[in-house]
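Note that this note's numbering has the sequence shown beginning at 1364, numbered continuously upward. Ideal Cβ placement from N, Cα and C applies to all residues, glycine included. It should be emphasised that the depicted structure is a prediction, and the values quoted were computed from it without experimental measurement. Worksheet for the structure shown next.
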Amino acid sequence: MALRPARAPDLPMTALRALEAAGRLGGFAPAAAELGVTPAAITAHIKGLEARLGLTLFSREVRGVVLTEAGVRVLPKLTAAFDALEVAQTALRQEASPLSLTIGTLPSIAQLWLRPRLAALEATMPGLAVSITAMEAPPDTRRDATDLTLFIGSGGRDWLVPVAAPGWTDGPRLSDATWVGDWTTWHRALPGEALPGRGAGPVHSLYALAVEDAQSGRGVLMGRLSLVGSALADGKLVEVGGRVPMAEGMQVTIRRGSTAARRVARLLTAWIADADSGR
C-alpha cells in the first residue's frame, strides 16, 4: 500500500498575519494598529516564527525593522494569500446575509450626506441593512469588510459656497482641518468678491462641527454644497456669497461586487449626479 508523505505542520496563522502586515506596512507599530494588538505582540509573533523556521525575516536597524531578502521574496505571496482569504470570507458572509452592506466613507460624508439618505436607500431595497464605517482614507487592502467606499476624488464635481445662519451679519471665518484651503480656493476664483466674515476663526477637526457652528450663528463657513445642501434646503443655512465649481467631488467605488453592492452603488451615484448641477 502506498504511503502518503507526512504533511508539514502549518505555521501559526497569527504569526503569518503579523509578518505580512509588518512587511506591507513597514513596521511593527503600524502592523499592531491594523491587527488590533500591541507592538510587543507583533514582535513576539515574528521572533517565534523566525525561531521555528531558523530564518531571519526582519533586520533590526536604528530607524526600525526592514524585511530581509527572504522576507521580501515571500511577502507578495503572503499578501496575495490573505487577500484571497478575505475575498473567500466575504463571499461566505454574502451568502449568509446577501443584503448586508458596509460603506466606508469620510466622517463628514457619513454624517452630513449618507446618514440622512439611509432611510430612502433602504426603502428602495426591502431587507437591506447598511452599516457605515467612518474612515479618513480609503482602505488600501481587501482586509476589511467594506463593500463600497464613498470619498472625494478628482473627476467628480462639487461647489464651494460661503454659508451662514439666517440673519447672520458678522463673525469669523470657520474652517475644517481637512479643507482649510477652501477659503483661498474660493477667493482666487472670485477675486472681485469680498471675503465674508472678519478674519480666520476656529478650525475644526470634524467638518460637521464647523457646520454646526455656522448654523448656530458663530461664524461663516466655506461650505461644500454636497455637504451643506440639506441645511440650505431646510433653511438652517443661507448662501452669503457666490458659488465656485470644483473639479473634485464624491465618488463611489465598489470593493465587493455583490448584486446588492452594485444596486446601492448605482443609487448613490445617481444621487451624487443630481447635485452636480449645483442644485
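Are the stretch 1462 to 1479 and the stretch 1494 to 1502 touching by the rule of at least three beta carbon pairs closer than 8 Å?
-> Segment contact: the stretch 1462 to 1479 against the stretch 1494 to 1502, three or more CB-CB distances shorter than 8 Å; contact assigned.
Assuming Ala1395 and Ala1407 make a contact with CB atoms under 8 Å, what is their CB distance in whole Å?
-> If you number the sequence shown from 1, residue 1395 lands on position 32. If you number the sequence shown from 1, residue 1407 lands on position 44. In fact, because the Cβ distance is near 11 Å, the residues do not count as touching under 8 Å.
Presumed contact (8 Å Cβ cut-off) between Leu1513 and Val1615, rounded CB distance = By 1-based counting over the sequence shown, the position of residue 1513 is 150. By 1-based counting over the sequence shown, the position of residue 1615 is 252. At roughly 6 Å, the Cβ-Cβ gap stays under 8 Å, so Leu1513 and Val1615 are in contact.
For Leu1462, which of helix, strand or coil comes out of DSSP?
-> For the purposes of this step, residue 1462 is identified with residue 99 of the sequence shown, where counting begins at 1. Reduced to three states, the DSSP call for Leu1462 is coil.
Based on Cα-Cα distance, which residue from Ala1623, Ala1486, Ser1593 lies nearest to Ser1460?
-> Here residue 1460 refers to the residue found at position 97 of the sequence shown. The shortest C-alpha separation from Ser1460 is found at Ala1623.
Just grab the DSSP bridge partners of Arg1536 for me.
-> Position 173 of the sequence shown, counted from the start, is the residue given in the question as residue 1536. Answer is Ala1563, Val1583.
Cβ-Cβ distance between Gly1564 and Gly1582 below 8 Å | In the sequence shown, the residue the question calls residue 1564 occupies position 201. In the sequence shown, the residue the question calls residue 1582 occupies position 219. Yes, these two residues count as a Cβ contact at 8 Å.
Have a look at the DSSP bridge pairing and note the partners of Pro1608.
-> As a working mapping, residue 1608 is identified with position 245 in the sequence shown. Answer by DSSP bridge pairing, in chain order: Trp1522.
Beta-carbon separation (whole angstroms), Glu1602 vs Pro1501, contact threshold 8 Å = By one-based count along the sequence shown, residue 1602 stands at place 239. By one-based count along the sequence shown, residue 1501 stands at place 138. With 8 Å as the limit, Glu1602 and Pro1501 do not qualify as a contact, their Cβ atoms being about 31 Å apart.
Who are the Cβ neighbours of Glu1499 in its own chain at under 8 Å, not counting the five residues just before and after it?
-> Numbered from 1 along the sequence shown, position 136 holds the residue referred to as residue 1499. Excluding sequence neighbours, Glu1499 sits near Leu1469, Pro1470.
Do you know offhand how far Arg1642's Cα is from Gly1390's?
-> Sequence index remark: in the sequence shown, residue 1642 carries index 279 (1-based). Sequence index remark: in the sequence shown, residue 1390 carries index 27 (1-based). Caution applies to Arg1642, whose pLDDT of 48 falls short of 50 and renders its modelled position unreliable; the model cannot decide the point.
With DSSP run on the structure shown, which of helix, strand or coil describes Ala1396?
-> The residue given as residue 1396 occupies position 33 in the sequence shown. In the structure shown, Ala1396 sits in a helix (DSSP, three-state: H, G or I).
By DSSP, does Val1543 sit in helix, in strand, or in coil?
-> To locate residue 1543, count along the sequence shown from 1; it is residue 180. Coil.
In angstroms with no decimal places, state the Cα-to-Cα distance between Ala1447 and Leu1590.
-> Taking the sequence shown and counting its residues from 1, the one referred to as residue 1447 is at position 84. Taking the sequence shown and counting its residues from 1, the one referred to as residue 1590 is at position 227. Their Cα atoms are separated by approximately 36 Å.
Do you know offhand how far Gly1516's Cα is from Glu1611's?
-> Taking the first residue of the sequence shown as 1, we reach residue 1516 at position 153. Taking the first residue of the sequence shown as 1, we reach residue 1611 at position 248. Each residue's Cα considered, the two are about 5 Å apart.
Shortest alpha-carbon distance to Glu1575 belongs to which of Asp1521, Leu1600, Arg1587, Leu1553?
-> The residue labelled residue 1575 in the question sits at position 212 within the sequence shown. Comparing Cα-Cα distances from Glu1575 to each of Asp1521, Leu1600, Arg1587, Leu1553, the minimum goes to Leu1600.
DSSP-derived helix/strand/coil call for Gly1516 = To locate residue 1516, count along the sequence shown from 1; it is residue 153. Three-state DSSP puts Gly1516 in a strand.
Tell me, to the nearest whole angstrom, how far the beta carbon of Leu1584 is from that of Leu1537; I am working on the premise that it is less than 8 Å.
-> As a first step, residue 1584 is located in the sequence shown; it is residue number 221 there, counting from the start. As a first step, residue 1537 is located in the sequence shown; it is residue number 174 there, counting from the start. About 4 Å separates the two Cβ atoms, so the contact holds.
Kindly indicate the opening and closing residues of the alpha helix (DSSP H) around Gly1390.
-> Position 27 of the sequence shown, counting from 1, holds the residue named residue 1390. Gly1390 -> no alpha helix (DSSP H), and no H or E assigned at all.
Would you mind sorting Ser1621 into buried or exposed? The rule is 16 or more other CB atoms within 10 Å of its CB.
-> As a first step, residue 1621 is located in the sequence shown; it is residue number 258 there, counting from the start. Buried.
From Glu1397, Gly1490, Ile1409, Arg1387, pick the residue whose C-alpha is nearest to that of Pro1375; which is it?
-> For the purposes of this step, residue 1375 is taken as residue 12 along the sequence shown, with counting starting at 1. It is Ile1409 whose Cα lies nearest to the Cα of Pro1375.
Should Pro1608 go down as buried or exposed, given a rule of 16 or more other Cβ atoms within 10 Å for buried?
-> Residue 1608 sits at position 245 when you count from the first residue of the sequence shown. Answer is exposed; the Cβ neighbour count stays below 16.
So, is Asp1503 buried or exposed, given that buried needs 16 or more other C-beta atoms within 10 angstroms?
-> Locating residue 1503 in the sequence shown gives position 140, counting from the first residue. Per the 10 Å Cβ criterion, exposed.
Segments assigned alpha helix (DSSP H), at least 4 residues, entirely inside the stretch 1402 to 1429 | Segments of the alpha helix (DSSP H) lying fully in the stretch 1402 to 1429: 1402 to 1416.
Out of curiosity, what's the CA-to-CA distance linking Thr1453 and Ala1443?
-> Sequence index remark: in the sequence shown, residue 1453 carries index 90 (1-based). Sequence index remark: in the sequence shown, residue 1443 carries index 80 (1-based). Each residue's Cα considered, the two are about 15 Å apart.
Compare the C-alpha of Ala1385 against each of Leu1438, His1567, Glu1424 and name the closest.
-> Taking the first residue of the sequence shown as position 1, residue 1385 is located at position 22. Ranking Leu1438, His1567, Glu1424 by Cα distance to Ala1385 puts Leu1438 first.
Give me the Cβ distance between Ala1528 and Gln1578, rounded to the nearest whole Å; I'm assuming they're in contact under 8 Å.
-> In the sequence shown, the residue the question calls residue 1528 occupies position 165. In the sequence shown, the residue the question calls residue 1578 occupies position 215. Yes, they are in contact, since the Cβ atoms of Ala1528 and Gln1578 sit about 6 Å apart, within 8 Å.
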